[in-house]
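Trainee: Sharing a structure with you now.
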Amino acid sequence: MNKKLLSLVLVAALAMSLLAGCGAKDDGKTTTAAPAGDTTTAAAGDETEAAGTTAAPAEGEDTTTAAAAAGNTTGETIKVGYAQVGHESDWRTANTKNYQDVFSAANGYALSFVDCDNDNAAQLEAVRGFIQQELDYIVIAPIETAGWDTVLQEAQDAGIPVIIADREIDAPDTLYDAWVGTNTKNEGITAANWLAEYLDGKEANILVIEGSVGASATLGRTEGFNEVAAEHSEWKILDSQSGDFTQAGGQEVMESFIKSYEGQFNVVVCQNDNEAYGAMDAMKAANITYGVDGDVILISYDATHDGLQYTLDGAINCNVECNPIQAETVAGVIQAMATGGSYEKTTLVEDQAFVAPGITSEYATTMTQEILDGRAY
Ligand code: AHR
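Put into structure tokens, the structure is as follows:
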């Protein structure tokens, strides 16, 4: 290769690595902003099937991220409305902060943020408010999958592009412009695949503390987990109840499970970290041991900082990530829309899973202090 050609190749390689780095957190994980043309992967060892509702990526569909840059380059302030689910979990707090950081005035945005407090009616009202205010873009993290057609049609009639984020909806994809989120069915599959690997044919009597009723994160994780569970005749799901993605909900459900099933279960699956904290409190109070040295295998989802601390400590055996850092990707889509660039209809934010020290897995990474130190949320 001659010198000129070599320097051209090096410049191209540098540009590509800068693009790939934009938007990624400094914890070593690929998060949101892959270079155009790439296909992100879901949780380790899993299939890439959609989570049962319409907005998730279909099997084999390209899940390329849109654009790397989060900053507004149009020269005019872009008005964005974000109808957030609520403040039920540490995951949600991290996701809110991510949006407030990315869609800041300094980055060229005016963000109208509404915390809908897990209330569907309030969320529809928030979206209608954004339409009335004639905002430039509307972002919705839908509380439930159902009930979106009318308000999405109203946004479309008003000519305001809508991006569905985090969770999925059960509506025709002609009613919104883009979707950004994680594949929660794959999260469920990963949890169950890990459990099968860990148990290696031993019996499982499982209690599930589900997330909020009607939320795609609940539906997807339940569907994925149950699909694998159905392949294991030695597993029995004793009960499955909603803890509403909250610590109080997790504790309450676990207390009632203990009353009904004490001595009969050896696996507890909590569909987010906050529920796991509540379940741990309930088990502790009942002198039930859990985690790597306990009688009960504890599985959680989200892999937020505190959840990973418990995983590093061995109290949670396996923690399947749901990545809340999505605002950079959403901003990339909005930038592409605002500047007439190309963007993907569906962008999958990558997840991974973590297991307690002493466990090795084909489906998850063994926790270390270094991983925890790199986890900002
Ligand atoms: O939709 C993502 C889920 O919602 C997270 O798992 C949970 O913690 C949150 O409340």
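Residue numbers (my numbering): 65 to 441.
Just so it is clear, CB atoms sit at the ideal spot from N, CA and C, and this is done for glycine as well.
Since this is a predicted model, take the numbers as computed values, not measurements.
For the 8 Å Cβ check, are there 3 or more pairs between the region 156-164 and the region 418-434?
Mentor: These segments do not touch.
Trainee: From this set, Ala260, Gly135, Glu291 and Val272, which residue's C-alpha is nearest Ala428's C-alpha?
Mentor: For the residues Ala260, Gly135, Glu291 and Val272, the minimum Cα distance to Ala428 belongs to Ala260.
Trainee: Let me know the secondary structure DSSP gives Tyr354 once reduced to three states.
Mentor: Of the three classes helix, strand and coil, the one that applies to Tyr354 here is strand, per DSSP.
Trainee: For Pro236, count the other beta carbons within 10 Å of its own beta carbon; 16 or more makes it buried, fewer makes it exposed. Which is it?
Mentor: Pro236 should be labelled exposed.
Trainee: If you measure from the CB of Glu198, is any heavy atom of the ligand AHR nearer than 7 Å?
Mentor: Every heavy atom of the ligand AHR is 7 Å or more from the Cβ of Glu198, so no.
Trainee: Please list, in chain order, all residues of the same chain as Gly327 whose beta carbon is under 7 Å from its beta carbon, the five residues on each side excluded.
Mentor: There are no such residues.
Trainee: Under DSSP, the alpha helix (DSSP H) around Phe194 begins and ends at which residues?
Mentor: From DSSP, the alpha helix (DSSP H) with Phe194 extends over Asn184 to Gln196.
Trainee: Roughly how many angstroms separate the alpha carbons of Gln148 and Thr209, rounded to a whole number?
Mentor: Going by the C-alpha atoms only, they are around 14 Å apart.
Trainee: In whole angstroms, give me the CA-to-CA distance for Asp181 and His151.
Mentor: Cα to Cα, the separation comes out at about 7 Å.
Trainee: Helix, strand or coil: which one does DSSP assign to Phe289?
Mentor: Here Phe289 sits in helix by DSSP.
Trainee: When burial is assigned at 16 or more other CB atoms within 10 Å of the CB, is Ser297 buried or exposed?
Mentor: That one is exposed.
Trainee: Given the structure, does Asn336 come close to the ligand AHR, in the sense that its CB is under 7 Å from one of the ligand's heavy atoms?
Mentor: Yes - the ligand AHR has a heavy atom lying nearer than 7 Å to the Cβ of Asn336.
Trainee: Report yes if the C-beta distance between Cys386 and Ile363 is below 8 Å; otherwise report no.
Mentor: Contact flag unset, no.
Trainee: DSSP three-state call for Thr118: helix, strand or coil?
Mentor: The pLDDT assigned to Thr118 is 33, lower than 50, so where the model puts this residue is not dependable, and the model offers no usable value.
Trainee: CA-CA distance, Trp299 and Ile361?
Mentor: So the two alpha carbons sit approximately 13 Å from each other.
Trainee: Applying the 10 Å Cβ sphere with the 16-neighbour rule, what's the burial state of Ala185?
Mentor: Counting Cβ neighbours within 10 Å, Ala185 comes out exposed, since fewer than 16 surround it.
Trainee: Cutting at 7 Å between CB atoms, please list the residues of its own chain near Val317, excluding the five before and the five after it.
Mentor: These residues qualify, in order along the chain: Ile273, Gln305 and Gly307.
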